[in-house]
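Below is one structure, written out as structure tokens; the observations come after it.
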Amino acid sequence: MKTVTLKINGTEHTAEVSPRTLLVHLIRENFSMTGTHIGCDTSSCGACTILINGRSAKSCTILAVQADGKEITTVEGLATAEGLHPIQEGFHLNHALHCGFCTAGVMMRAVELLEKNPNPTEEEIRWGISGNLCRCTGYNNIVKAIQWTSAKLQGKELPSTEPVFV
Amino acid sequence: MIAEDFKYDAPVSLADAFALLHQYGDDAKILAGGHSLIPMMKLRFAAPTHLIDINNIPGLSYIKEEDGFLKIGAMSREVDLEESEIITSKYQIFTDASKLIADPQVRNFGTIGGNLAHGDAANDHPAVMMALDAEVEISGQDGKRTVSINDFFHGFYTTAIQHGEILTEIRIPVASGNFGSAYHKAERKVGDYATAGVAAVVQIDDNGVCTKAGIGLTNVNATPMRAERSEAALVGSMLSETDIAKAAQYASEDCNPSTDLRGDIDYKRHLVGVITKRMLNRAIQRAK
Ligand SMILES: Cc1cc2nc3c(=O)[nH]c(=O)nc-3n(C[C@H](O)[C@H](O)[C@H](O)COP(=O)(O)OP(=O)(O)OC[C@H]3O[C@@H](n4cnc5c(N)ncnc54)[C@H](O)[C@@H]3O)c2cc1C
Ligand code: FES
Ligand code: FES
Chain A
444 MKTVTLKING TEHTAEVSPR TLLVHLIREN FSMTGTHIGC DTSSCGACTI
494 LINGRSAKSC TILAVQADGK EITTVEGLAT AEGLHPIQEG FHLNHALHCG
544 FCTAGVMMRA VELLEKNPNP TEEEIRWGIS GNLCRCTGYN NIVKAIQWTS
594 AKLQGKELPS TEPVFV
Chain B
109 MIAEDFKYDA PVSLADAFAL LHQYGDDAKI LAGGHSLIPM MKLRFAAPTH
159 LIDINNIPGL SYIKEEDGFL KIGAMSREVD LEESEIITSK YQIFTDASKL
209 IADPQVRNFG TIGGNLAHGD AANDHPAVMM ALDAEVEISG QDGKRTVSIN
259 DFFHGFYTTA IQHGEILTEI RIPVASGNFG SAYHKAERKV GDYATAGVAA
309 VVQIDDNGVC TKAGIGLTNV NATPMRAERS EAALVGSMLS ETDIAKAAQY
359 ASEDCNPSTD LRGDIDYKRH LVGVITKRML NRAIQRAK
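Chains as they are written, first to last, in this note's numbering: chain A, 444 to 609; chain B, 109 to 396.
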């Protein structure tokens, strides 16, 4: 067993884990934060995406021991006492989810994308979320939500949130 | 899916890592980005008894031009290549390749060293490194040795790296003169491994004569392969349409694809021909 100490959403946590424990299991099972999902368990779908020291990562493909000393952000860390995070607001207003299974992962990925590239083109957004699979939305409203959030974070005029039918 | 049990160490120096590799013997494996190894361990295709995580060893991640080489530290991540000014301005072949490797999350972790050390003909960097005439530095308890990329890939998942050794640096001759490079692969969906991929590099003198050509092929042979006959056909030529067509034809004839879910042999040979032609043209364009 190994002792792992890490910060999740600003709070320090410690756990005794076997080296083969995956980070996603540590987060969901040891710390009972079930916002991070497991979709494929084979590094393909992105449902398990979290931020490790600000970098989006597939937590099903990282060992819990590798996160020792790191700062983790999960979907539970997005909203504050003041309200939803702009990306959550964007997803909500633009109807960027149906079943919601992929949503936490896509939002975490979008947070890093907008951090690095505050004003992405549609193409950059689509490549930027290429590691996240959504079986419901067809992606268009996800792209729209990220565009909306990008405008909001930059203090620009907000695009319409009217649904687009294609 | 959970891997078989193993012991885990995260040394903070190369010397400690070598000592651990020696102590644990053949069943110890190095953990770099983990994005090839951990999936294999979860599927139990690999079951090392010890993992030696080299992520905490400082000094293994850098991208710089020095002593006539572009030097890439083995622990540089895919994302570091994407964000490096030297790479995006001079070695566009990496920008082409990175965009097509997996997805942003995987590229945040996967390392260039791991991509080569994995020894998988389906990975994209091997062909890129062949086209660029790279050499790799392999370090061990007794010092360092340099191996040409041509002698690096020995077979399925086997490379020139011996037990107890760590790949530490990749060196590529600095791009000079009219140098152009390009990479593309056909894939079934974004982030998939190549159905077939081609890396092309050309150097052209002021009279328009090709002085150097490198062509590497992805996933159309048991090991990453160099299209030698194509390269020979290009060097000394004026890179006319006929020269390029000949090089493309040779590459498609000389590769050794097998039929699988991504396509049959004829289709893959055809792809190699088409992509070789396109990548040569793109590299030539970039050299101008
Ligand atoms: C969903 C998904 C899609 C992918 N798609 C692609 C793709 O399209 N193209 C592509 O090229 N790759 C792809 N990959 C693989 C990815 O790029 C890997 O990150 C890369 O192949 C291995 O790098 P790593 O640092 O993760 O190595 P690891 O997984 O840590 O290691 C791989 C192997 O190399 C050994 N090793 C690693 N570093 C060293 C070193 N410095 N010295 C000695 N031995 C070492 C390890 O012991 C292990 O055997 C994909 C991966 C995933 C999960
Ligand atoms: S559960 Fe991690 S990528 Fe699908
Ligand atoms: S909303 Fe259902 S998978 Fe994306």
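Glycine included, each C-beta is placed from N, C-alpha and C at the ideal position. All values derive from a computational prediction rather than experimental measurement.
Cβ of residue i within 8 Å of any chain B Cβ
| i | result |
| --- | --- |
| Val508(A) | yes |
| Pro602(A) | no |
| Ser499(A) | yes |
| Thr504(A) | yes |
| Ser573(A) | yes |
| Arg552(A) | yes |
| Trp591(A) | no |
Sequence-distant residues of the same chain with beta carbon closer than 7 Å to residue i, five excluded per side
| i | result |
| --- | --- |
| Leu601(A) | Trp591, Ala594, Lys595 |
| Leu122(B) | Ile165, Ser247, Ile274 |
| Asn452(A) | Thr516, Thr517, Glu519, Gly520 |
| Thr523(A) | none |
| Thr331(B) | Ala229, Phe261, Gly263 |
| His538(A) | Asn584, Pro606 |
| Thr604(A) | Leu536, Asn537, Trp591 |
| Glu567(A) | Asn560 |
| Gly222(B) | Ala140, Gly141, Ser144 |
| Val317(B) | Gly344, Met346 |
| Gln531(A) | Leu521, Ala522, Met550 |
Cβ-Cβ separation, residue j to residue i (assumed contact under 8 Å), whole Å
| i | j | result |
| --- | --- | --- |
| Thr266(B) | Ala302(B) | Rounded, the Cβ-Cβ distance is 20 Å, inconsistent with contact. |
| Ile274(B) | Ile162(B) | 7 Å |
| Phe287(B) | Gln311(B) | 5 Å |
| Ser486(A) | Pro147(B) | 5 Å |
| Ala359(B) | Ala335(B) | 4 Å |
Contact with chain A by residue i, beta-carbon distance below 8 Å
| i | result |
| --- | --- |
| His143(B) | yes |
| Tyr116(B) | yes |
| Val298(B) | yes |
| Asp211(B) | yes |
| Phe217(B) | yes |
| Met183(B) | no |
| Ala155(B) | no |
| Ala229(B) | no |
| Lys207(B) | yes |
| Met109(B) | yes |
| Pro119(B) | no |
| Asn163(B) | yes |
| Ile195(B) | no |
| Asp113(B) | yes |
| Pro166(B) | no |
| Val343(B) | no |
| Leu369(B) | no |
Extent of the continuous beta strand (DSSP E) run through residue i
| i | result |
| --- | --- |
| His158(B) | 158-161 |
| Lys293(B) | 286-294 |
| Lys172(B) | 171-174 |
| Asp117(B) | 115-117 |
| Leu325(B) | 318-326 |
| Ala308(B) | 304-312 |
| Thr457(A) | 454-460 |
| Gly263(B) | 261-263 |
| Ser247(B) | 243-248 |
| Thr492(A) | 492-495 |
| Thr254(B) | 251-256 |
| Thr446(A) | 445-451 |
| Thr514(A) | According to the sequence shown, residue 514(A) is Glu rather than Thr. Run containing Glu514(A): 514-516, per the beta strand (DSSP E) assignment. |
Continuous alpha helix (DSSP H) stretch holding residue i: start and end
| i | result |
| --- | --- |
| Arg185(B) | Arg185(B) -> no alpha helix (DSSP H), and no H or E assigned at all. |
| Gln131(B) | 122-132 |
| Val586(A) | 583-596 |
| Pro281(B) | Run containing Pro281(B): none in the alpha helix (DSSP H); it sits in the beta strand (DSSP E), 274-281. |
| Leu342(B) | 336-342 |
Close-in-space but distant-in-sequence residues of the same chain around residue i (CB under 6 Å, 5 per side omitted)
| i | result |
| --- | --- |
| Cys579(A) | His541, Cys542 |
| Leu576(A) | Cys488 |
| Thr254(B) | Glu243, Glu245 |
| Gly249(B) | The residue asked about is misnamed: residue 249(B) is Gln in this sequence, not Gly. Answer for Gln249(B): Phe126, listed in chain order. |
| Lys376(B) | Ala304, Val328, Pro365 |
| His143(B) | Val214, Phe217, Gly218 |
| His226(B) | Ser144 |
| Ile505(A) | Leu466 |
| Lys150(B) | Met109, Ala111 |
Own chain, CB closer than 8 Å to residue i, minus 5 neighbours either side, in chain order
| i | result |
| --- | --- |
| Glu295(B) | Leu208, Tyr301, Ala302, Thr303 |
| Ile470(A) | Ile451, Met476, Thr479, Ile493, Ser502, Ile515, Thr517 |
| Lys252(B) | Glu245, Ile246, Thr276 |
_To be precise: take each residue of the stretch 483-497 of chain A, compare its Cβ to all Cβ atoms of chain B, and keep it if any distance is under 7 Å. Which residues remain?_
Asp484, Thr485, Ser486, Gly489, Thr492
### Task
Check distances from the C-beta atoms of the stretch 258-287 of chain B to those of chain A and list, in chain order, the residues that come in under 8 Å.
none
**Q.** Contact residues within the stretch 446-478 of chain A, judged by C-beta distance below 9 Å to chain B
**A.** Ser461, Pro462, Arg463, Thr464, Leu465, His468
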